[in-house]
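Engineer:
Number of protein chains: 2
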Amino acid sequence: MKAASKVTKSAKTIGKKDLPVAEIRRYLEPGPIVLVTSSWKGEDNVMTMGWHTVMEFTPSLVGCIIAGGNHSHAMIRKSGQCVINIPTADMLDTVVGIGNCSGADVDKFERFGLTTQQAKHVDAPLLTQCFANLECRLHDKRLIGRYDFFIFEVVKAHVARTPKYPQAVHYTGDGIFTLSGRQVSRRAKFRPEML
Amino acid sequence: MKAASKVTKSAKTIGKKDLPVAEIRRYLEPGPIVLVTSSWKGEDNVMTMGWHTVMEFTPSLVGCIIAGGNHSHAMIRKSGQCVINIPTADMLDTVVGIGNCSGADVDKFERFGLTTQQAKHVDAPLLTQCFANLECRLHDKRLIGRYDFFIFEVVKAHVARTPKYPQAVHYTGDGIFTLSGRQVSRRAKFRPEML
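Protein sequence lines, in the order shown, are assigned to chains S and Y. If you're matching positions, the first sequence starts at 1 in full-length UniProt numbering and goes up one per residue. If you're matching positions, the second sequence starts at 1 in full-length UniProt numbering and goes up one per residue.
See the structure below:
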């Protein structure tokens, strides 16, 4: 973890825009591995997370598993906040590194050269190198005790202006990742209300 | 929907093996669109579903959103069972077709030429054209009322012998899909207990 006050600027500048929170499915529904930042009592942390699902458009709900063994679990449970940051394929080694050490032992921000910006509605920092940052507030905690399942409301979404469909990374276990491939449209075959 | 008794054989034969249910993350964690089959009182149905997450290895738990507007919702709620079938990219038009009509109006199995086999532990049928079939029993229904969120236990998993990483399809909204790209290994960078 690191001191929360050390907000730094990105070495890699990504121009971002606000995205209506009801539209975050575009990035989260395809199942990318994500980096979850948290902040509690002046300390920040970041973890790699792959078990999540969109749950509702409005309010914009996301459910995810954050196991009790993670240093972030208690920080997020106590603060009731986090940021879900979505990395692109060029960050794969950073993603793996973050997932293979603990914030209880090291300052991951320093070790992996992560740069941050202040979020608008939560204390957890935005990772500037990621193409999307979703500010989240804990919406429902009833399944945390039994399943480590947190239901968050996305209250603010920052996404890169381009590209519209960045190459994300998907985990399959055993140290193997699948990269996002090409997009194909079947828009013409949808009923309008199903889009 | 269709009469549950019409079990047919696949035109496209896929050799399958049993997969330990604790290992289904390989196919489900990357976030593919899936086809969910159900059976209730002699009728079968199938729907397209994209909001799901792995929740636990043992028992093998999967959580997913099946909105109340879907004809399948009541069938799965009442039967407490379903099969999660994972299609490959060559089935994309079938996936879109299934998602844009209702089992209340048509027999989707007939319309889309779906072939089925009997599951081992549940009444819902396996879709033989799909490369993976996960037999599921409802494990926890407490979030169905509030969020349409079903928590299933995967009790049996059938997967294609090859390829190990089939090309799945990921939905991003607006009629646009992302296809799975290539696999990359970072296995050497993982701590053994993190694999």
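From the three backbone atoms N, C-alpha and C, an ideal C-beta is built for every residue, glycine too.
Report the three-state DSSP secondary structure of H71/S (helix, strand or coil).
Structural biologist: DSSP, reduced to helix, strand and coil, places H71/S within a helical segment of the structure shown.
Engineer: Quick one: using the 10 Å Cβ neighbour count with 16 as the cut-off for buried, is K41/Y buried or exposed?
Structural biologist: Exposed is the call here.
Engineer: Would you list the residues sitting across from H170/S in a DSSP beta bridge?
Structural biologist: T178/S
Engineer: Would you mind listing the beta strand (DSSP E) stretches within the segment 10–42 of chain Y that are 3+ residues and don't spill past its ends, in chain order?
Structural biologist: 16–19, 34–40
Engineer: Hey, V96/Y and F190/S are a contact pair by Cβ (cut 8 Å); roughly how many whole angstroms apart?
Structural biologist: 7 Å
Engineer: Locate the alpha helix (DSSP H) running through T94/S, then write down its first and last residues.
Structural biologist: 92–99 is the extent of the alpha helix (DSSP H) around T94/S.
Engineer: Going by alpha carbons, who is nearest to H52/S out of P30/S, T37/S, E43/S, V46/S?
Structural biologist: By alpha-carbon distance to H52/S, the top candidate from P30/S, T37/S, E43/S, V46/S is P30/S.
Engineer: If the cut is a Cβ gap below 9 Å, which residues of chain S does Q183/Y touch?
Structural biologist: T172, I176, F177, T178, L179
Engineer: Does the distance from the C-beta atom of L138/Y to that of F150/Y stay below 8 Å?
Structural biologist: Yes, these two residues count as a Cβ contact at 8 Å.
Engineer: S5/Y CB to nearest chain S CB: under 8 Å?
Structural biologist: Caution is warranted here: a pLDDT of 47 is assigned to S5/Y, below 50, making its placement in the model unreliable, and the coordinate value is therefore given only provisionally. Contact of S5/Y with chain S is not assigned, every C-beta pair being separated by 8 Å or more.
Engineer: Determine the DSSP secondary structure at S102/S, reduced to helix, strand or coil.
Structural biologist: coil
Engineer: What first and last residue would you give for the alpha helix (DSSP H) that runs through E111/S?
Structural biologist: Note that residue 111/S is Arg in the sequence shown, not Glu. 108–111 is the extent of the alpha helix (DSSP H) around R111/S.
Engineer: Could you give the residue range of the beta strand (DSSP E) that holds R146/Y?
Structural biologist: Here R146/Y belongs to no beta strand (DSSP E); instead the alpha helix (DSSP H) covers 144–147.
Engineer: Between the C-alpha atoms of R142/S and F131/Y, what's the straight-line distance to the nearest angstrom?
Structural biologist: 35 Å
Engineer: Quick check: what's the CA-CA separation for S180/S versus R186/S?
Structural biologist: 18 Å
Engineer: With distances taken between CB atoms, is the gap from S102/Y to H73/Y smaller than 8 Å?
Structural biologist: no
Engineer: What in chain Y is Cβ-close to C64/S, meaning under 9 Å?
Structural biologist: T53
Engineer: Could you pull out every residue in the same chain whose Cβ sits closer than 6 Å to the Cβ of F57/S, ignoring the five residues on either side in sequence?
Structural biologist: A22
Engineer: What's the call for P32/Y, buried or exposed, on a 16-neighbour Cβ count within 10 Å?
Structural biologist: buried
Engineer: Would you mind working out which of Y147/Y, D140/Y, P20/Y, I144/Y sits nearest R146/S, comparing C-alpha positions?
Structural biologist: D140/Y
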